Amino acid sequence: MEDSELKLIRVFKDRIRIFLILFVFGEDYKNESEPHLRKVFKTEVRIQKIDFLLRNPDYLSYELMSLAKNRKIPKFEARAIIQRIFKNKEPMMKRMEMEKFFFGAYEDIDDVISFLTSINFIEFRSQRSSTLKKIDKIYFVTATAIEKIDDKLLSLDSLDWYVKRCQLIKKYFGSLSGTQLKANQYQIKEYKEALYGQYIEDIQPMVKAEFAEMFGVELP
Amino acid sequence: MTFDFDKFSRKIHKRHKDYFSISEVKSLLNLGDDYQRDTPISTGKRLSILAIELKGVKSNGEVIKFSQKIDKGIHIWLADNLKGKSTLFKVIKLALTGQNDIKPDVKKWLSHILVVFSIDKRKYSSYLDLKGARLSASLFKGAVGCISSVQSSQLVSLFSESSTTAYQASLEKFFFSQFSYYSLKWTQKKSAKDSHGLLEANASWRTYFKSIFLESKDSDKLFYGGQGKKILQILLGLEFTYVINRLTVKKEMLQSQKGYLKNIQGNNHASKDMKSQLKARIVELESLLSSTSQEDEGARTSLSALYKKQSLILDEIDLVSQKNKSFQESSQKLFSIQQHRASLEEDLSRARKASEKFERNIIDLKEFLDVGIFFSGLDIKQCPNCNCGISKDRRIHQKSTKQCLLCNNPFDKVIDDSKREIYLEKIKKLSNSKQEILREIKRIENQISTLDRNYRRELNANQTFQSQLDNGSSLFVFNQKLSSLESQISKEQEHLRLKKHSIAERDKLIAELAVVRFQLAQLQPNSDVSQEDGKLEAKIALLQDAIVELNEKRYTVSCNVLKRLSDIMLSEIHMLGLNSITEIEVSKKFDIQYRQNGEFISFEAIAEGEQLRAKIALYLSLIQLDIEYNFGRHTRFLIIDSPGKEEGDSQYLQGLASVLKNIENRFGSELQIFIGTAERGLSDVIDNQSIFKSGQFLF
Numbered sequence: 391m392e393d394s395e396l397k398l399i400r401v402f403k404d405r406i407r408i409f410l411i412l413f414v415f416g417e418d419y420k421n422e423s424e425p426h427l428r429k430v431f432k433t434e435v436r437i438q439k440i441d442f443l444l445r446n447p448d449y450l451s452y453e454l455m456s457l458a459k460n461r462k463i464p465k466f467e468a469r470a471i472i473q474r475i476f477k478n479k480e481p482m483m484k485r486m487e488m489e490k491f492f493f494g495a496y497e498d499i500d501d502v503i504s505f506l507t508s509i510n511f512i513e514f515r516s517q518r519s520s521t522l523k524k525i526d527k528i529y530f531v532t533a534t535a536i537e538k539i540d541d542k543l544l545s546l547d548s549l550d551w552y553v554k555r556c557q558l559i560k561k562y563f564g565s566l567s568g569t570q571l572k573a574n575q576y577q578i579k580e581y582k583e584a585l586y587g588q589y590i591e592d593i594q595p596m597v598k599a600e601f602a603e604m605f606g607v608e609l610p
Numbered sequence: 188m189t190f191d192f193d194k195f196s197r198k199i200h201k202r203h204k205d206y207f208s209i210s211e212v213k214s215l216l217n218l219g220d221d222y223q224r225d226t227p228i229s230t231g232k233r234l235s236i237l238a239i240e241l242k243g244v245k246s247n248g249e250v251i252k253f254s255q256k257i258d259k260g261i262h263i264w265l266a267d268n269l270k271g272k273s274t275l276f277k278v279i280k281l282a283l284t285g286q287n288d289i290k291p292d293v294k295k296w297l298s299h300i301l302v303v304f305s306i307d308k309r310k311y312s313s314y315l316d317l318k319g320a321r322l323s324a325s326l327f328k329g330a331v332g333c334i335s336s337v338q339s340s341q342l343v344s345l346f347s348e349s350s351t352t353a354y355q356a357s358l359e360k361f362f363f364s365q366f367s368y369y370s371l372k373w374t375q376k377k378s379a380k381d382s383h384g385l386l387e388a389n390a391s392w393r394t395y396f397k398s399i400f401l402e403s404k405d406s407d408k409l410f411y412g413g414q415g416k417k418i419l420q421i422l423l424g425l426e427f428t429y430v431i432n433r434l435t436v437k438k439e440m441l442q443s444q445k446g447y448l449k450n451i452q453g454n455n456h457a458s459k460d461m462k463s464q465l466k467a468r469i470v471e472l473e474s475l476l477s478s479t480s481q482e483d484e485g486a487r488t489s490l491s492a493l494y495k496k497q498s499l500i501l502d503e504i505d506l507v508s509q510k511n512k513s514f515q516e517s518s519q520k521l522f523s524i525q526q527h528r529a530s531l532e533e534d535l536s537r538a539r540k541a542s543e544k545f546e547r548n549i550i551d552l553k554e555f556l557d558v559g560i561f562f563s564g565l566d567i568k569q570c571p572n573c574n575c576g577i578s579k580d581r582r583i584h585q586k587s588t589k590q591c592l593l594c595n596n597p598f599d600k601v602i603d604d605s606k607r608e609i610y611l612e613k614i615k616k617l618s619n620s621k622q623e624i625l626r627e628i629k630r631i632e633n634q635i636s637t638l639d640r641n642y643r644r645e646l647n648a649n650q651t652f653q654s655q656l657d658n659g660s661s662l663f664v665f666n667q668k669l670s671s672l673e674s675q676i677s678k679e680q681e682h683l684r685l686k687k688h689s690i691a692e693r694d695k696l697i698a699e700l701a702v703v704r705f706q707l708a709q710l711q712p713n714s715d716v717s718q719e720d721g722k723l724e725a726k727i728a729l730l731q732d733a734i735v736e737l738n739e740k741r742y743t744v745s746c747n748v749l750k751r752l753s754d755i756m757l758s759e760i761h762m763l764g765l766n767s768i769t770e771i772e773v774s775k776k777f778d779i780q781y782r783q784n785g786e787f788i789s790f791e792a793i794a795e796g797e798q799l800r801a802k803i804a805l806y807l808s809l810i811q812l813d814i815e816y817n818f819g820r821h822t823r824f825l826i827i828d829s830p831g832k833e834e835g836d837s838q839y840l841q842g843l844a845s846v847l848k849n850i851e852n853r854f855g856s857e858l859q860i861f862i863g864t865a866e867r868g869l870s871d872v873i874d875n876q877s878i879f880k881s882g883q884f885l886f
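Listed in order, the protein sequences are those of chains A and B. All you need for the numbering used here is the position in the first sequence, starting with 1, plus 390. All you need for the numbering used here is the position in the second sequence, starting with 1, plus 187.
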């Protein structure tokens, strides 16, 4: 495919992925003065870290193994999920590399947010944190978006994967803040040692090796 | 040159007229036209081997299929000892003379021999069928292409024989007429112990072939056997050689007759004591002879046993070599299967990556279609810059003007129906490409699994070869055994060679026994011998006189030829590094004398490590004499087997190499010389060479 085509595809991928993160991870929001807003999602850092797990099924697998190792989830559960991820060749088929910046994996999502705002799918606000040291970004999903994103759309093959993957990440890591997610990701050597501006490396071989050691079977 | 027989007879008659009339002298000296039979002018003919082909089966079942075409000039076969060089040369000897000197074990292997040769421009083919108990052989006029085409060949057979002796005789006749050779004769004692007469013996083509084939075992002799001078005379073709030879034989026969009569007379008065002494001596001689012949027999039996052992070990070596070869071939196959598999694995990995890429593109495109259609159907409601709402009018304006309502750039829907069709077509193409690559993957996987099966099969075979080699003795052990056996054989051969020296002693004993028996017979009372020919001694004297006269004449007319021969020989000897010899002289009696350290010595007195050089020098000189001065009758074909064997001097090898180069440059197309050697130092000296790796057999 041509570069212009690939770029265009990428724009749309980013739009739907970021929207679905806000849509799935957003908490219900009810404010009588803002009845058009239905869900709220806090901080861009959290978007970035969840996006990293969505775009890197090998890192997601590793983190699931860590949970199993620390007995936070049953081993068989982690094993089944990871086996499915590798059986479907997701680390190759779904991977979208991410660069590392000062605070870990990061990609500029301003354009995506602007677009989603322009079509009236989200609203976005910046506010000082309680400590006044930083600015927190808050994203709202609108009633318009919820109307448009119906079940029929979400059940399309191409979107079904995103929805289910977001739900899975939410199930195991949904309670973690952006900072906590970042801290977890920094435990991984390849992530930690990636230089500023460099793509974070693929860790499939390491995941396969640890999986074999942990479960006594090879991943496909 | 014309010869006046009458004048010669008169000259001899003058000195013997008291006993003979002129007619008696003429009758004694008359040999027809043979006084003019010899001429030293070269026939100009030369013998060249054009091709050799052998067929047969070795004792280990390996098929012998040797075939080689050979050019004129010098050709070197360079291979280790005992690898078939001498056999190849003996095959040529067999084809050209009918004499089979091939080692008994190898002899059994050969079924057919074809040697194509030329004498000048005429081609001939000697074909021998050795399958049966009797030799079946033919000489064809023309070149037979190969053994298998002999039967269908339309060539004229000059002669076909079904026995060795008949083929030898026919070949002798053929070559004698080609090169104007004839049998020089000599006399020898009858072999029967109780006989004291003389026999006439003839020098055969096989004897003369010794001047072509210089075998390593004869390196200590200038010529083979006691007839060397005769070979030299034939090769030089000097005038009067034939008549001198025939008159000498005649004289020797008369001398024998005279000796017989003298014995009879002298022993008439022997006493009875003499009788018992003679009887005791007979017993003593008989016992001596019997013990020496038993010793000889013992040595021969032991040698034959050693040859048998050698043959068995060579068979074993063949077998182990075959196994080694099979093991190497199998290992090579395994290696090449592995290589092939690795390259297929690479192809497979590339194909899988390509398939994954197609799959990913398909997923991305499908997703793009779904998401693109969804987002394209949505209207821009709000400016992301100022958060102001976008009016419906602006959206209508965008549709009609196709200008973006935010930036005014040309606007087109990302996905409409026609674009959708294009993307669907792309997805279809990508799916087809993916299917194609999946088929390729399947094909490669099948190839790999076939290779794996072959690998397992070959691995089994390889392990079997390996265990066979592990369980048996190694080539090293066999080679050690062979080498120790060879040293034993060489000791036994040396022993036999020494024995041969004592054959002269043995002959003396036989001669003495015959004389003693004869003397005893004469002591019997019935002896009644009378002097029957008073002129016998006079006849001998006359013949001796004529021989001396003819010898003088021959020397006078031939001394230029002999001088040239000596000069060429000296120069060759120097080129071969034997600078200690400063002069060479060929006497009237054809004795070749070498001046070394101021003394004239015979060939036999030259140090062992230098003899071969002197010998090679002589033969090269005979050929040169023919080519350069048009004298002599050498066939210009020479086989030198193992010329480096005895000579320890490194200067010799360098000298030999430079002589060969020199000869090749000067006479390359005029002669043919075959050299068989194990001396690797002689490689790349000349252009025509067949080099066999260490341990490799010629056939």
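Yeah, the Cβ is synthetic: ideal placement off N, Cα and C, and Gly gets one too. Values in this document were obtained by computation on a predicted structure and should not be read as measured data.
How many Å lie between residue i and residue j at the Cα?
i: SER706(B); j: LEU696(B); result: The identity of residue 706(B) in the sequence shown is Gln, whereas the question assumes Ser. Going from the Cα of GLN706(B) to the Cα of LEU696(B) covers about 15 Å.
i: PHE427(B); j: SER229(B); result: 16 Å
i: ILE251(B); j: PHE861(B); result: 22 Å
i: THR352(B); j: SER370(B); result: 17 Å
i: ILE399(A); j: LEU454(A); result: 30 Å
i: GLN509(B); j: GLN655(B); result: 12 Å
i: LEU218(B); j: LEU809(B); result: 29 Å
i: LEU805(B); j: GLU724(B); result: 39 Å
i: ILE779(B); j: LEU757(B); result: 12 Å
i: PHE790(B); j: GLY842(B); result: 20 Å
Locate the alpha helix (DSSP H) running through residue i, then write down its first and last residues.
i: THR534(A); result: 533-538
i: TYR816(B); result: 795-816
i: TYR395(B); result: 392-395
i: TYR781(B); result: Counting along the chain, TYR781(B) falls outside any alpha helix (DSSP H), though it belongs to the beta strand (DSSP E) covering 779-783.
Could you tell me the boundaries of the beta strand (DSSP E) in which residue i lies?
i: VAL748(B); result: Taken as a continuous stretch (DSSP letters only), VAL748(B) belongs to no beta strand (DSSP E), being part of the alpha helix (DSSP H) at 723-762.
i: LYS572(A); result: That residue, LYS572(A), is in no beta strand (DSSP E); its alpha helix (DSSP H) goes 568-575.
i: ALA388(B); result: 385-389
i: ILE263(B); result: 260-265
Chain B partners of residue i, CB-CB under 7 Å?
i: LYS391(A); result: It should be pointed out that residue 391(A) corresponds to Met in this sequence rather than to Lys. Near MET391(A) (Cβ distances below 7 Å), the residues of chain B are ASN548.
i: LYS530(A); result: It is worth fixing the name first, because residue 530(A) is Phe in this sequence and not Lys. By Cβ distance, chain B contributes nothing, its closest Cβ being about 13 Å from PHE530(A), past 7 Å.
i: ILE540(A); result: Per the sequence shown, the amino acid found at residue 540(A) is Asp instead of Ile. Going along chain B, no residue has its Cβ under 7 Å from ASP540(A), so there is no contact; the nearest lies around 10 Å.
i: ASP448(A); result: Within 7 Å Cβ-Cβ: nothing; ASP448(A) doesn't reach chain B, min ~15 Å.
Below 9 Å on C-beta distance, what does residue i contact in chain A?
i: LEU662(B); result: Chain A residues near LEU662(B): none, gap ~47 Å exceeds 9 Å.
Give the residues of chain B in contact with residue i, contact being defined as C-beta atoms less than 8 Å apart.
i: MET455(A); result: Chain B residues near MET455(A): none, gap ~24 Å exceeds 8 Å.
i: LYS554(A); result: Chain B residues near LYS554(A): none, gap ~14 Å exceeds 8 Å.
Using the beta-carbon count (16 or more within 10 Å), is residue i buried or exposed?
i: GLU899(B); result: The question about residue 899(B) has no answer, for chain B in this structure spans 188 to 886.
i: VAL343(B); result: exposed
i: ASP871(B); result: exposed
i: ASP715(B); result: With a pLDDT of only 43 at ASP715(B), under the threshold of 50, the placement of this residue in the model should not be trusted, and no figure is reported.
i: GLN718(B); result: In this prediction, GLN718(B) scores a pLDDT of 49, lower than 50, which makes its location untrustworthy; the coordinate-derived value is nonetheless stated afterwards. Label assigned to GLN718(B): exposed.
i: ASN713(B); result: Residue placement at ASN713(B) is flagged as unreliable, the pLDDT there being 44, under the threshold of 50; the coordinate-derived value follows with that caveat. That one is exposed.
Mind pulling the chain A residues with CB within less than 8 Å of residue i?
i: CYS570(B); result: SER508
i: ASP567(B); result: The sequence given here places Ile at residue 567(B); Asp does not occur at that position. Ordered by position in chain A, the residues that pass the 8 Å Cβ test against ILE567(B) are SER508 and ILE509.
Give the interface partners of residue i over in chain A, defined as CB-CB distance under 7 Å, in chain order.
i: PHE555(B); result: ILE399 and PHE402
Residue i touches chain B at which residues, Cβ-Cβ below 9 Å?
i: ILE406(A); result: GLU554, ASP557, VAL558, PHE561 and PHE562
i: SER451(A); result: Chain B residues near SER451(A): none, gap ~18 Å exceeds 9 Å.
Please determine if the segment 283-298 of chain B and the segment 235-245 of chain B are in contact, where contact requires at least 3 C-beta pairs separated by less than 8 Å. yes
Three CB pairs or more closer than 8 Å across the segment 478-485 of chain A and the segment 434-451 of chain A: Contact between the segment 478-485 of chain A and the segment 434-451 of chain A is present, because at least three Cβ pairs lie under 8 Å.
Say whether the segment 811-820 of chain B touches the segment 419-438 of chain B, bearing in mind that this needs 3 or more beta-carbon pairs closer than 8 Å, one atom from each stretch. yes
Give a yes or no on contact between the segment 400-411 of chain B and the segment 789-809 of chain B, applying the rule of three or more CB pairs nearer than 8 Å. yes
Between the segment 486-494 of chain B and the segment 649-657 of chain B, can you find at least three pairs of beta-carbon atoms closer than 8 Å? no
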